[in-house]
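Going by the numbering used here, the sequence shown opens with residue 559, and the numbers climb by one from there. Positions of the beta carbon are idealized from the N, C-alpha and C atoms, including for glycine. These numbers were taken from a predicted model, which means no experiment stands behind them.
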Amino acid sequence: MSALPSLAPAPRRSIERLLAPIDHLAAVHPSFVAGSHGRFELEGTGYSLPRYLYMGRRGGGDTLRIGIFATIHGDEPEGALALPKFLQSLEANPDVAEGYALFIYPMCNPTGFEDNTRHNRAGLDLNREFWRQSEQPEVRFLESEIWMQSFHGIVTLHSDDTSHGLYGFVKGNVLSRHLIHPALLEAGRFLPRNHGARIDGFDAESGIIHDGYPGMLQSIPGMAHPPFEITLETPQKAPLHRQVDALVIALQTILTEYRYVQAVAQNI
Ligand SMILES: [Zn+2]
């Protein structure tokens, strides 16, 4: 009897392995406050959507709460891969995170990551489901976090396999554009920018899009004082270490610039 080739489905990617570097940092560094998880069940398997809280050194003013979200598209884990290096850089250079509480969501689409798909296992693009009464547990958890933490800033990390260079979306507070400029400039040390006039179907200028998809991960629509909102996109086909370095320096730059702007505003 001849052996038939196995038709078993491709093995699922390990969330645990992807998160191991952050879990390690969280275990050894006191700046991390215990994480929390949005839990849900799917076909009898329990899933969790992890959140880590990193408290920077106390600054002079109010604590600035920033939400950083990655892997909302399951096949774009580059942001999650950059976060350990970013957090490590804050330990090495605590000035950057001074005055901040960073809420880190490295794995916003666990089933999509396991399956290596953009969509979650229910077949939905979660980045089109926000603030539309979605029943997806991932979206409900993230919406409640956005609601409860009332962030000063929201940064979302993506990678785009159709772009040859870096670009980003800005929404929310008018400050967003003043933060993304220096962030892309610094990130340009590691990767080229996408200077196309149209990117991803949107008008763009110097790699910046002042628009976005309905239902994308963002603050509560219609707020009088929205947070700054920045989506960073790295060219997914570029070497991973360059995407990581570009995201690390872009995130550092956003924190440094935002604190500076806040300090100036308080002195006016
Ligand atoms: Zn994406």
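By Cβ distance below 7 Å, which residues in the same chain neighbour residue i in space, the five residues on each side in sequence not counted?
i: Pro785; result: Phe709, His710, Gly711, Ile712, Gly730, Asn731, Ser777
i: Asn752; result: Ser721, His722, Gly723, Leu724, Tyr725, Gly765
i: Pro569; result: none
i: Ala584; result: Phe590, Gly593, Tyr610
i: Thr675; result: Gly632, Asp633
In whole angstroms, give me the CA-to-CA distance for residue i and residue j.
i: Asp581; j: Pro635; result: 16 Å
i: Ala655; j: Met613; result: 8 Å
i: Thr629; j: Ala808; result: 17 Å
i: Met706; j: Arg679; result: 27 Å
i: Thr811; j: Phe598; result: 35 Å
i: Leu600; j: Tyr771; result: 27 Å
i: Leu700; j: Met665; result: 11 Å
i: Asp620; j: Gly602; result: 43 Å
i: Ser692; j: Thr669; result: 17 Å
i: Leu737; j: Glu815; result: 6 Å
i: Lys795; j: Thr714; result: 19 Å
i: Arg623; j: Gly617; result: 13 Å
i: His739; j: His631; result: 24 Å
i: Ile573; j: Ala804; result: 23 Å
i: Phe760; j: Asp769; result: 7 Å
i: Leu775; j: Leu645; result: 22 Å
i: Arg747; j: Tyr658; result: 25 Å
i: Arg571; j: Pro608; result: 16 Å
i: Leu660; j: Leu813; result: 10 Å
i: Leu682; j: Tyr663; result: 19 Å
i: Pro779; j: Glu696; result: 19 Å
i: Ser702; j: Phe688; result: 11 Å
Where does residue i land, buried or exposed, given buried means 16+ other C-beta within 10 angstroms?
i: Glu672; result: buried
i: Ala578; result: exposed
i: Met781; result: exposed
i: Asn667; result: buried
i: Pro793; result: buried
i: Gln801; result: buried
i: Val822; result: exposed
i: Gly637; result: buried
i: Val586; result: exposed
i: Asp718; result: buried
i: Tyr818; result: exposed
i: Gly604; result: exposed
i: Glu763; result: exposed
Hey, out of the options, whose CA is closest to residue i's CA?
i: His716; options: Ala821, Leu813, Ala640; result: Ala640
i: Asp633; options: His783, Leu684, Asp803, Ile704; result: Leu684
i: His799; options: Gly681, Tyr663, Leu749; result: Leu749
i: Gln694; options: Asp718, Gln824, Gly773; result: Gly773
i: Ala650; options: Ile626, Glu696, Arg615, Leu743; result: Arg615
i: Ala755; options: Gly746, Arg747, Ile767, Ala745; result: Ile767
i: Leu742; options: Pro779, Glu791, Glu696, Ile757; result: Glu791
i: Ile626; options: Leu682, Ile704, Asp758, Gln824; result: Ile704
i: Pro652; options: Arg686, Arg698, Pro588; result: Pro588
Within the same chain, show all residues whose beta-carbon is closer than 6 Å to that of residue i, passing over the 5 residues directly before and after it, in chain order.
i: Ser606; result: His595, Arg597
i: Lys643; result: Val802, Val806
i: Arg690; result: Gly773
i: Leu648; result: Val654, Ala655
In chain order, what residues of the same chain have a beta carbon less than 8 Å from the beta carbon of residue i, not counting five sequence neighbours either side?
i: Ser734; result: Val728, Phe786, Glu787, Ile788
i: Ile757; result: Ser721, Tyr725, Gly765, Ile767
Let me check you understand the geometry: is the CB of residue i closer than 8 Å to at least one non-hydrogen atom of ligand 3?
i: Glu791; result: By its list of ligands, the structure shown excludes ligand 3, since it contains just ligand 1.
ask   = What are the complete beta strand (DSSP E) segments, minimum 3 residues, inside the region 675-701?
value = Annotation note: the region 675-701 contains no uninterrupted beta strand (DSSP E) run of length 3 or greater.
query = What are the uninterrupted segments assigned as beta strand (DSSP E) that are 3 or more residues long and contained completely in the region 604-653, given in chain order?
reply = Taken in chain order, the unbroken stretches of beta strand (DSSP E) that lie wholly in the region 604-653 and span 3 residues or more are 622-628.
task = With a floor of 3 residues, list each beta strand (DSSP E) that falls wholly inside the region 708-749, ordered by position along the chain.
result = Listed in chain order, the beta strand (DSSP E) elements of length 3 or more contained wholly in the region 708-749 are 711-718, 725-730.
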